[in-house]
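Heads up: the sequence shown begins at 2 in our numbering, then just goes up one per residue. Quick reminder that beta carbons are idealized off the backbone N, C-alpha and C, glycines included.
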Amino acid sequence: MTGTRPVERAAAVRRGRRGGSTQSRAHILETARRLFAEHGFDGTSLRQVAREAGVDPAMIHHFFKGKDELFARSVALPADPAQVLAGVDRVDPRQRAEAIVWAVLRLWESPAQHSLEAFFRGAIGSKAKTLLLREMVTRTVLTRIMAGVPGPPGEVATRANLVATQVVGLMLVRYVVRLEPLASARPEDVVTLIAPNIQHYLTGDLKMTGPSAT
């Protein structure tokens with residue numbers, strides 16, 4: 002009986018690939034979501050996902066273009082950060098803050114707002130989703146926002162964290178918690194109020210002391 006199991010499993014995989022079943026795709030996503038949350042993007046391979054899901058690696062390529070798409074689908078973002086932040090990394094870091102805030106506002110003022118709100122509420126209530134969100138923000142969002150910002154790696158990482166406090170705080174307070182008067186403020190006023198803080202964190206003097214300053 003033991004010798005027949007690989008054959009049975011291979012047959013099941015082939016049947017799943019031919020059918021292109023939604024169930025198989027959902028199982029792969031569930032497995033990938035868990036592994037990405039546990040090991041991060043770099044620590045998770047497609048072969049590992051396939052092994053844990055009990056499928057042929059080719060099945061993953063049947064449903065997804067590669068690891069980047071599998072990760073994006075696992076996080077289940079309502080919008081593609083690459084599109085939202087398109088062009089931001091080409092703005093001079095010394096003048097980038099307004100472009101960042103406008104990108105955030107355009108996204109949240111779009112029809113995706115309700116889906117984004119649901120996503121954030123779900124992420125806050127789930128440790129696994131929070132870990133996935135952290136991985137996505139680090140890989141996809143902050144790398145674009147911080148592109149070309151000068152300084153030692155430790156300092157740039159600290160600046161990125163500080164920028165994130167402003168961006169995430171803005172999204173939560175204005176669109177999720179809906180705290181007034183910020184929730185009803187005109188977009189141009191929000192940019193005027195928030196952008197200087199972000200610009201300071203991007204390129205201003207942080208007066209840092211300690212390991213991250215070197």
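Subject >> Close Cβ partners of D81 (< 7 Å) along its chain, the five nearest in sequence each way excluded >> reply: The residue given as residue 81 occupies position 80 in the sequence shown. Result list for D81: empty, nothing under 7 Å.
Original post:
With C-beta atoms as the reference, is V164 less than 9 Å away from L183?
Top reply: Against the sequence shown, residue 164 aligns to sequence position 163. Against the sequence shown, residue 183 aligns to sequence position 182. Their beta carbons are not under 9 Å apart, which means V164 does not touch L183 by this criterion.
**OP:** Could you pull the start and end residues of the alpha helix (DSSP H) that P197 belongs to?
**Re:** Translated into positions along the sequence shown, residue 197 becomes position 196. Counted as a single uninterrupted DSSP element, the alpha helix (DSSP H) harbouring P197 occupies residues P188 to T204.
**OP:** Following the continuous alpha helix (DSSP H) through L30, name the residue where it begins and the one where it ends.
**Re:** Stepping through the sequence shown from its first residue, residue 30 is reached at position 29. L30 -> alpha helix (DSSP H) spans T23 to H40.
Original post:
Can you tell me the Cα-Cα spacing of E110 and T141, whole angstroms?
Top reply: Along the sequence shown, one-based indexing puts residue 110 at 109. Along the sequence shown, one-based indexing puts residue 141 at 140. Their Cα atoms are separated by approximately 21 Å.
**OP:** Determine the closest residue to V138 out of P151, A124, V50 and G205, with distance taken between C-alpha atoms.
**Re:** Position 137 of the sequence shown holds residue 138. Of the listed residues, the one whose Cα sits closest to V138 is A124.
Original post:
When we look at the beta-carbon of E181 and count the other beta-carbons within 10 Å, is it buried (16 or more) or exposed?
Top reply: Within the sequence shown, residue 181 is the residue found at index 180, counting from 1. With fewer than 16 other Cβ atoms from the protein chains shown falling within 10 Å of its own Cβ, E181 counts as exposed.
**OP:** Return yes when the Cβ of A129 is within less than 9 Å of the Cβ of R35, no when it is not.
**Re:** Position 34 of the sequence shown, counting from 1, holds the residue named residue 35. Position 128 of the sequence shown, counting from 1, holds the residue named residue 129. Taking 9 Å as the Cβ cut-off, R35 and A129 qualify as a contacting pair.
Original post:
Mind checking whether the beta-carbon of A98 lies closer than 8 Å to any heavy atom of the ligand SAM?
Top reply: With respect to the ligand SAM, the structure shown offers nothing to examine, as it has no ligands at all.
Original post:
Are the stretch 107-121 and the stretch 48-59 touching, with three or more C-beta to C-beta distances below 8 Å?
Top reply: In short, these stretches do not touch, since the Cβ pair count stays below three.
**OP:** Ignore the nearest five residues each way along the sequence and tell me which others in R26's own chain have a CB closer than 8 Å to its CB.
**Re:** Counting from one through the sequence shown, the residue named residue 26 turns up at place 25. Exclusion of the five residues before and after R26 leaves F64 as the residues of its chain whose Cβ lies within less than 8 Å of its Cβ.
Original post:
So which of S185, E99, V177 and E53 has the shortest CA-CA distance to T254?
Top reply: The question about residue 254 has no answer here: the residues shown for the chain are numbered 2 through 215.
Subject >> Residue nearest to E136 in terms of C-alpha spacing, selected from G44, L30 and T32 >> reply: Here residue 136 corresponds to residue number 135 of the sequence shown, with the count starting at 1. Of G44, L30 and T32, the residue nearest in Cα terms is G44.
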